[in-house]
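What follows is a set of notes on a single structure, which appears directly below.
2 protein chains.
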Amino acid sequence: MLNYNRKGANVTVEKEYLETHDELIQSVLDRQPADEVLYDLAELFKMFGDSTRIKILYSMFDTELCVNDIAGLLHLSQSSVSHQLRILKTSKLVKSRREGKSVFYSLDDEHVRLILSMGMEHVEE
Amino acid sequence: MLNYNRKGANVTVEKEYLETHDELIQSVLDRQPADEVLYDLAELFKMFGDSTRIKILYSMFDTELCVNDIAGLLHLSQSSVSHQLRILKTSKLVKSRREGKSVFYSLDDEHVRLILSMGMEHVEE
DNA sequence: TTATAATATGAACAAATAAACATATGTTAA
DNA sequence: TTAACATATGTTTATTTGTTCATATTATAA
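Residue numbers (this note's numbering), protein chains in the order written: chain Y, 44 to 168; chain S, 44 to 168.
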């Protein structure tokens with residue numbers, strides 16, 4: 044029976060079969076990114092995995108907006124928008140700048156637009 | 044004060060300001076996809092927003108795998124993997140084919156690989 | 001048919017989390 | 001300084017959701 048550790052595998056199975064199946068499993072393990080990386084990847088996508096945050100992100104697709112404008116145009120509470128923007132900022136998906144009493148938020152990175160667009164393509168097919 | 048409905052906006056604000064700010068808000072509303080689309084988009088990303096599912100998806104990046112192999116190489120329970128695969132299949136991110144007692148799963152769509160790669164780029168920067 | 005292996009699924013439980021509400025902080029103008 | 005506005009944040013609550021455990025289904029082999 045094959046064991047699934049990176050260290051190596053036993054040889055208690057029919058040779059012919061093992062040579063292909065074991066190698067397959069091993070190649071999957073070799074290509075698999077480290078758990079921490081995949082965890083971060085999941086955390087990234089999690090940010091896009093809530094409809095409120097998606098709406099907020101999309102509203103900023105090609106312009107910066109202040110909190111009140113976002114809340115107003117998306118019919119969301121100021122508190123909710125502010126909370127979500129903080130989460131998005133912590134995740135480095137948006138950045139902000141203060142101008143007087145207002146704080147303007149915008150997408151932090153071209154990747155954010157790319158990920159949104161890529162997902163949109165899949166949804167709209 | 045500007046109202047944030049698609050229908051139109053009032054004209055109770057200083058003209059100069061309104062002409063730019065109101066038009067900005069209106070253009071955001073015009074570009075904003077329908078709520079149902081953004082909801083679907085969030086649902087899509089939600090599938091990638093769990094580290095277990097990410098691990099499972101990534102393990103199938105360039106090969107099909109059966110449930111036991113996935114569970115074994117990722118050190119997950121058979122039940123957990125099966126549950127997640129069902130969710131991924133419902134979301135059309137993976138497909139399956141039966142071969143004897145085993146069921147082989149694979150990524151359903153090139154978009155899935157693209158989305159994973161795009162996210163990975165962002166994480167690895 | 002019976003036993004066994006592989007997968008699927010229903011139910012219960014625990015952890016994560018988004019929204020609401022109240023309140024605090026920060027900024028400008030009077 | 002005080003008032004008013006914009007934003008931030010702590011707490012509570014309700015909902016969602018991933019995992020586990022037990023069991024059911026499906027397929028092969030004896």
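C-beta atoms are modelled at their ideal positions from N, C-alpha and C, and glycine is treated no differently.
The beta-bridge partner set that DSSP reports for R141 of chain S consists of S:V146. For the segment 84 to 144 of chain S, the full-length alpha helix (DSSP H) segments reaching 4 residues or more read 94 to 102, 110 to 117 and 121 to 133 along the chain. For L67 of chain S, the closest C-alpha among the options Y:L128, Y:V155 and Y:E107 is that of Y:E107. Using beta-carbon distances, G143 of chain S does not count as an interface residue toward chain Y, since no partner is under 7 Å.
For M103 of chain S against L150 of chain S, the beta-carbon gap comes to about 5 Å, under 8 Å, which counts as contact.
A residue is called buried once 16 or more other Cβ atoms fall within 10 Å of its Cβ, and R74 of chain S, having fewer, is exposed. In the three-state scheme derived from DSSP, where H, G and I count as helix and E and B as strand, D151 of chain S is classed as coil. Put simply, the CB of K138 of chain Y is far from chain S, with every gap to its CB atoms at 7 Å or more.
Cβ-Cβ distances below 8 Å link Y101 of chain S to L159 in the same chain, with the five nearest sequence neighbours on each side left out; the list follows chain order. Beta-carbon to beta-carbon, G162 of chain S and L84 of chain Y are separated by about 5 Å, close enough to satisfy the 8 Å threshold. Taking the C-beta atoms as reference points, Q127 of chain Y is found no nearer than 7 Å to R156 of chain Y.
For L157 of chain Y, the closest Cβ of chain S is nearer than 7 Å.
F147 of chain S is outside the set of residues whose beta carbon lies under 7 Å from a beta carbon in chain Y. Below the 9 Å Cβ cutoff, chain Y contributes no neighbours of I130 of chain S, its closest Cβ being approximately 13 Å away.
Annotation: S120 of chain S to L117 of chain Y spans about 41 Å, alpha carbon to alpha carbon. Not a single CB atom of chain Y sits nearer than 7 Å to the CB of H126 of chain S. In the structure shown, Q75 of chain S falls within a coil segment according to DSSP collapsed to helix, strand and coil. The straight-line gap separating the alpha-carbon atoms of S139 of chain S and D105 of chain S is approximately 15 Å. Among the residues of the segment 64 to 85 of chain S, those with a Cβ less than 7 Å away from any Cβ of chain Y are L67, I68, V71, L72, R74, Q75, P76, V80, L81, Y82, D83, L84 and A85, in the order of the chain. The contact set of L116 of chain S on chain Y, defined by CB atoms closer than 7 Å, consists of Y47, I68, V71 and L72 in chain order. Spanning the alpha carbons of Y148 of chain S and V137 of chain Y requires a straight line of approximately 36 Å. About 6 Å separates the beta carbons of L87 of chain S and H165 of chain Y, which is inside the 8 Å limit, making them a contact pair. Between V124 of chain Y and V146 of chain Y, the CB-CB gap reaches or exceeds 7 Å.
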